[in-house]
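Protein chains in written order, with our numbering: chain A, 1 to 387; chain B, 1001 to 1304; chain C, 2001 to 2278.
In structure tokens form, the structure reads like this:
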């Protein structure tokens, strides 16, 4: 089946500075792709290029097999939800949601406030528009808000009206630019699930931009991690999390941040502070960086084959888990381990413990940031990067 | 506990301290207000009901007749009419021009500051001085304006010397001076509009510049427009310097405006009773303008 | 943002803006040109900007000597500066009280401020003039200054501005032991600088320009302010010596224009701020 949205080799400059370096991506029909990365990585610019609000300097955008690169945004039949919601303050929720339908179905004469509604044909069109608006409002449960203006609504309500305005049109693609950033944390978790439900129901490809990696992992079918104007990896959330292609992906995704330790490869074995952690790596002897996620770091008092010595600074009891703040005595750097609520009772502050991780959780990165994979390690699930 | 104590005494020491500090801070201003605002206003009000003259001891109390006489006085009604015509010429033109120019300047990325400053020059130029310059420009025989008209093959106009044209000539000067101010205000209003709204409009299918204006720009400029219109009208009603410098109300009272008439009645003819009544009417006009615009229009214009 | 291309609509737009700018500037150009011309050139009804005979020296000398021009400029500057200083000194404490303190009479005071905004000086000029006459203050610089010391506009503007300042700032000052008066001058004034400078600009422009009040209270040329001085010059000039008149207008207009060009940002921000608060 042909992909719904294809981006080919998009490049964008700002003066002499390069903002997007050769971005390519294929999204399938009905897929939700999260575009995640730190501020300034170019994700919002990319979204605006897909929308048609900005033009790339090179490359093309193809929607449902139609090259839309030269079309303006209004002609592309995509809908966008903005971080600031961008609702028209002088219009009611009803009018806000109706506007895109009015612009498309009525000509400028029919749109005029009083005279436009004179002919029966126009009246029927307007009634049809209102029916669509109400249907959408019902789905989003904002029917009581329809006659209010944005200033009379809370942030969460405005957000739903903004969603309604995007959804009512049944566009070919949804573009969302950090729609949840302005909501408080509790509301965000709730609304996340609703957006995914809306997306599933519409069955349309969605590109969702966010700087929150948790949001990206939780909502997306595939996650594209962007940094410095490039897509470092695009894969399923599990693959991104457990099988990152690049050290920057591993660092950005996951909270608390992944533990990074210096090490070197000797005869195919990865060594840190004299202790072997993983075998089976090919290639010459070289320096590498070792990544182990906090939840994969096991703490024991006994030395094992692959364990390293760490010093326990303190334990933080967080209710559902325990965080252990550790120091690596070999270089003084800080490490973090996540323990289950029951674990750690016997540990005492300022004592030396042993930390270990199972082989497939020891991630090794070359000095250029790329992932070094052992011959027998295929990671979890698919580790493919999309074209 | 402090709270209980306050409940019993009705006021905490803190409140008392705040109150006396506030009174102390306001005292000088309050005294000034009394001397420079309240008493004079009451005096004008009182005088308006009399036929007092400066330098003459006796005066009669006319009561409401003073106002009745005023509204039947042809000269005063003429001044009223002239002022109204002037405002009708200056206000719409300078507001609309200010808006159009502001939109054009806003679309320009580089030259913005330059154009803004150029258009603002008349606002910071001495009115009396620039009026004199315009007098030279509008001179019937050697003024550049008529020379340009002649060069274009058009008949020359007697700008300031003809009672038919004088208000138009004064209005031209007024517009010239007001446009820059309105422009700066509109520019501020335009740049304050959330850019995302234009993006949202584009996504919604709003294509033409005209539609963009009606869907986003005009509604969002509401408060600014209200302010600009109010200020422009009030300043237009207060026109004085150009008349005093160039026409002194002539030719044949064609440019007698309210403030000039008040000046003449009160300080040239010394009829301070009549002048006071005129002054009260003048304030009344300003009040009505302000009320119409703030009460009636403000509701439609402020969305937050 | 990428560089703007020279599209047709942009050329049109720039063209119109340039045309408008030319119309705005054309009085200044002619003012300068005429100030250099002798009467014959002025009357020769030609559009040429450069004079046949340079009469700059004569025109400017007349402008400076027919009336004590420099003295008049000084009067104007002095009066404006003194007025502004007093206006701020009196308005700021009251504005602070209105904005941040609770006291009986607050509503009344604010109501009077709003009322005062309605009543221009022209309306109450008669009693003020009478008072000045009785106290023999006519024809002094004091009479030009005193009626304007009270500025309800300043009170209004400062109040709006101070209201928007965070309360914590004042609480912290109180905890540090500052009296309310000290708070006004040590905390509020430095933080209200944008509003104060915006207002100062408004006040200076308005009073520099004011003709009405000086016209009725001053008759001696040495005490005139620039607008009045120019009026005296016009009546002192015999015939249509436009050259000299233009020289005089140039001298009188230059100070504020130069000030504006130097402090453009201040002016524009000042206007913008009053617009946003109004």
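Think of the CB as a built atom: it goes at the ideal place given N, C-alpha and C, for glycine as much as any other residue.
Computed from a predicted model, the values in this text were never measured in an experiment.
Asked                                                                                                                                        : Found
Sequence-distant residues of the same chain with beta carbon closer than 7 Å to residue 233 (chain A), five excluded per side                : 225, 240, 244, 245, 246, 249, 385
Under 8 Å (Cβ pairs) to chain C, residues found in the region 1143 to 1155 of chain B                                                        : 1144, 1147, 1148, 1151
DSSP state of residue 17 (chain A) mapped onto helix, strand, coil                                                                           : strand
Span separating the alpha-carbon of residue 1256 (chain B) from that of residue 1042 (chain B)                                               : 27 Å
Below-9 Å beta-carbon distance, residue 2203 (chain C) vs any chain B residue                                                                : no
Min CB distance residue 1229 (chain B) to chain A below 9 Å                                                                                  : no
8 Å contact criterion, which residue 281 (chain A) and residue 374 (chain A) should meet: CB distance rounded                                : 5 Å
Pair within 9 Å by beta-carbon distance, residue 1270 (chain B) and residue 1031 (chain B)                                                   : no
Beta-carbon spacing of residue 2248 (chain C), residue 2230 (chain C) below 9 Å                                                              : yes
Exposed unless 16 or more other CB atoms sit within 10 angstroms - verdict on residue 348 (chain A)                                          : exposed
Simplified DSSP assignment, three categories, for residue 291 (chain A)                                                                      : strand
As assigned by DSSP and simplified to three states, the class of residue 1153 (chain B)                                                      : coil
Residue range of the unbroken beta strand (DSSP E) whose run includes residue 58 (chain A)                                                   : 58 to 63
Proximal residues, the region 1083 to 1107 of chain B versus chain C, C-beta separation under 7 Å                                            : 1101, 1104, 1105, 1107
Pairwise C-alpha distance: residue 18 (chain A) and residue 40 (chain A)                                                                     : 12 Å
Status (buried if at least 16 other CB within 10 Å, exposed otherwise) for residue 2226 (chain C)                                            : buried
Unbroken stretches of the beta strand (DSSP E), 3 residues or longer, contained in the region 1196 to 1243 of chain B                        : none
Span of the alpha helix (DSSP H) around residue 1115 (chain B)                                                                               : 1112 to 1120
Sheet register partners of residue 275 (chain A) (DSSP bridge)                                                                               : A:272
Strand pairing of residue 226 (chain A), partner residues [DSSP]                                                                             : A:231
Test: residue 1207 (chain B) CB closer than 9 Å to a CB of chain A                                                                           : yes
Listed by chain order, chain B residues near residue 2116 (chain C) by CB distance under 8 Å                                                 : 1033, 1037
C-beta neighbour in chain D for residue 52 (chain A), strict 9 Å                                                                             : Within the model displayed, chain D is absent; protein chains A, B and C are what it includes.
Extent of the continuous alpha helix (DSSP H) to which residue 213 (chain A) belongs                                                         : 213 to 219
Whole runs of the alpha helix (DSSP H) within the region 2187 to 2240 of chain C, excluding any shorter than 4 residues                      : 2193 to 2209, 2212 to 2217, 2226 to 2236
Host alpha helix (DSSP H) of residue 1069 (chain B) (start-end)                                                                              : 1065 to 1072
First through last residue of the alpha helix (DSSP H) which encompasses residue 2075 (chain C)                                              : 2069 to 2100
Element boundaries [alpha helix (DSSP H), containing residue 2035 (chain C)]                                                                 : 2008 to 2035
Beta-bridge partners of residue 323 (chain A), as assigned by DSSP                                                                           : A:316, A:338
CA-to-CA distance, residue 1084 (chain B) to residue 1250 (chain B), given in whole angstroms                                                : 16 Å
Simplified DSSP state of residue 262 (chain A), which is helix, strand or coil                                                               : strand
Beta-carbon contacts of residue 1095 (chain B) that lie in its chain and below 7 Å, excluding the five residues immediately before and after : 1182, 1228, 1229, 1232
Per-residue burial, residue 120 (chain A) [other beta carbons within 10 Å of its own, 16 or more giving buried]                              : exposed
For residue 208 (chain A), the residue or residues it bridges with in DSSP                                                                   : A:34, A:176
Same chain, Cβ closer than 8 Å to residue 2184 (chain C), neighbours up to 5 away in sequence not counted                                    : 2092, 2093, 2096
C-beta neighbour in chain C for residue 1304 (chain B), strict 9 Å                                                                           : Caution applies to residue 1304 (chain B), whose pLDDT of 48 falls short of 50 and renders its modelled position unreliable; the model cannot decide the point.
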